[in-house]
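Chemist: Sharing a structure below in structure tokens format, with a few things to ask.
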Amino acid sequence: MPNILNSLRMRAECEGKHISGAERLLETADLGTAAVELIERALNHPRGAAEKIYLQVDPVPARQVATGTLPDLHNHQVGSWQQGRKLAQQLLEAAGISRSAAIKALQTLAAGAAPGGNSMRGAMLIDAASGERLEADQARGVRVSRMDLSCAARDRLLQRLKEHGLNNSHVVEALTLAAKVIAAPGVLAELCWSDDPDYLAGYVASPQLGYRRINHLKPVGEERGGRAFFIDRSQVELGELVSWLEQAPLLIDQIGAVHPPQFCQGER
Ligand code: WAQ
Ligand code: MG
């Protein structure tokens with residue numbers, strides 16, 4: 190590793206609405222290519238063409254960078270988004286989240302977790318026992334940053350995902366983000382589905398369950414998506430957790446297994 194890596198962040202807006210965002214951790218030689226890719230993504234986004242694009246680059250001393258591992262991917266196939274949300278609730282309960290907190294988080298994401306019923310730019314923090322929302326700003330939320338795959342790990346992951354028809358940027362980025370979130374002190378689980386109207390998949394992730402991909406968590410055309418991180422408040426101080434998620438650099442150099450699809454029985 191060189192002495193310095195770079196945190197590259199992109200955020201794009203159209204008419205004040207958040208369109209897309211991304212975060213990478215890269216060597217300087219790879220910065221230009223990645224920045225162009227992110228600008229192109231923002232300009233051709235299914236949520237709308239960006240009017241304002243913010244790019245930020247911050248140096249990160251390599252000695253501060255921890256290394257990490259991706260969770261195993263389990264691929265649950267459900268027949269409807271309603272069935273998907275039921276499964277998400279069950280997985281959250283299996284991860285130690287109270288039923289009421291799981292149901293409340295699902296309902297809040299479905300209704301648009303930001304003021305006015307929009308999607309947030311970042312994630313909600315949710316007390317895993319009470320279901321209380323803990324993030325300071327309900328429009329911004331907490332944005333996990335300064336994480337990426339090493340080049341070798343990315344190549345291996347793409348190869349492995351390709352065997353299952355899952356080699357798209359949503360899966361790669363979501364696995365990377367979830368790896369950092371479930372490694373965080375005091376985080377019991379994460380719930381996510383996309384805010385892109387044409388991308389219906391989401392997941393529940395936890396240290397024990399791994400990354401539980403669910404193919405349908407919302408209806409086609411739905412732009413309300415987001416993330417919820419479930420916290421055990423007895424394990425961690427909130428400010429410490431937020432600064433770890435936003436600031437601690439993590440380079441993932443080990444990938445996990447990718448399991449074949451598992452079909453969910455029962456009512457659609
Ligand atoms: N930190 C915290 N929250 C974030 C971040 C971040 N860095 N990036 C996005 N979010 C939140 C924000 O509220 C977005 O509205 C929401 O997540 C969804 O973001 O097939 O594509 O980038 O296995 O639209 C998951 C399934 C796809 C992938 C997730 O999310 C699969 C996805 P998107
Ligand atoms: Mg999106």
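Residue numbers (my numbering): 190 to 457. Glycine included, every Cβ here is placed at the ideal spot set by N, Cα and C.
Buried or exposed, going by whether 16 or more other CB atoms sit within 10 Å of the CB of GLY399?
Modeler: buried
Chemist: Any heavy atom of the ligand WAQ inside 8 Å of the beta-carbon of GLY391?
Modeler: yes
Chemist: Go through its chain and collect everything with a Cβ distance to ILE444's Cβ below 7 Å, but skip five positions before and after it.
Modeler: Counting only Cβ-Cβ distances below 7 Å, and skipping sequence neighbours, we find LEU259, ALA342, ARG345, LEU346, ARG349.
Chemist: What are the residues that DSSP puts in a beta bridge with HIS263?
Modeler: Beta-bridge partners assigned by DSSP to HIS263: ARG401.
Chemist: What does the alpha-carbon distance come out to for the pair VAL209 and TRP433?
Modeler: As written in the sequence, residue 209 is Ser, which differs from the Val given in the question. Computed Cα separation, rounded: 22 Å.
Chemist: What first and last residue would you give for the alpha helix (DSSP H) that runs through ILE371?
Modeler: 358-372
Chemist: Does the Cβ-Cβ distance between ALA251 and GLU362 come in under 9 Å?
Modeler: no
Chemist: For the ligand MG, I want to know if TYR243 counts as a neighbour, meaning its beta carbon is within less than 8 Å of at least one of the ligand's heavy atoms.
Modeler: no
Chemist: May I ask whether a heavy atom of the ligand WAQ can be found less than 8 Å away from the beta carbon of CYS381?
Modeler: yes
Chemist: Using CA atoms only, rank isn't needed, just tell me which of ASN404, PRO449, VAL409, VAL376 is closest to PRO386.
Modeler: VAL409
Chemist: I'd like the span of the alpha helix (DSSP H) that includes LYS293, first residue to last.
Modeler: First-last of the alpha helix (DSSP H) with LYS293: 288-300.
Chemist: Please name the residue in LEU197, ARG413, ARG236, ASP442 whose C-alpha comes closest to that of CYS203.
Modeler: ARG236
Chemist: Are the region 419-428 and the region 310-319 touching by the rule of at least three beta carbon pairs closer than 8 Å?
Modeler: Three or more pairs of CB atoms, one per stretch, sit closer than 8 Å, so the region 419-428 contacts the region 310-319.
Chemist: What span of residues does the alpha helix (DSSP H) with ALA417 cover, start to end?
Modeler: No alpha helix (DSSP H) contains ALA417, which is instead part of the beta strand (DSSP E) from 415-420.
Chemist: Restricting to Cα atoms, I'd like to know which of SER339, GLY375, LEU281, LEU389 is closest to HIS359.
Modeler: LEU389
Chemist: Output yes or no for whether 9 Å exceeds the beta carbon distance between ARG335 and ALA437.
Modeler: yes
Chemist: Using the beta-carbon count (16 or more within 10 Å), is LYS369 buried or exposed?
Modeler: buried
Chemist: Report the three-state DSSP secondary structure of CYS340 (helix, strand or coil).
Modeler: helix
Chemist: With ALA372 and VAL393 assumed to form a contact (beta carbons below 8 Å), what rounded beta-carbon distance in angstroms separates them?
Modeler: At roughly 16 Å, the Cβ-Cβ gap does not stay under 8 Å, so ALA372 and VAL393 are not in contact.
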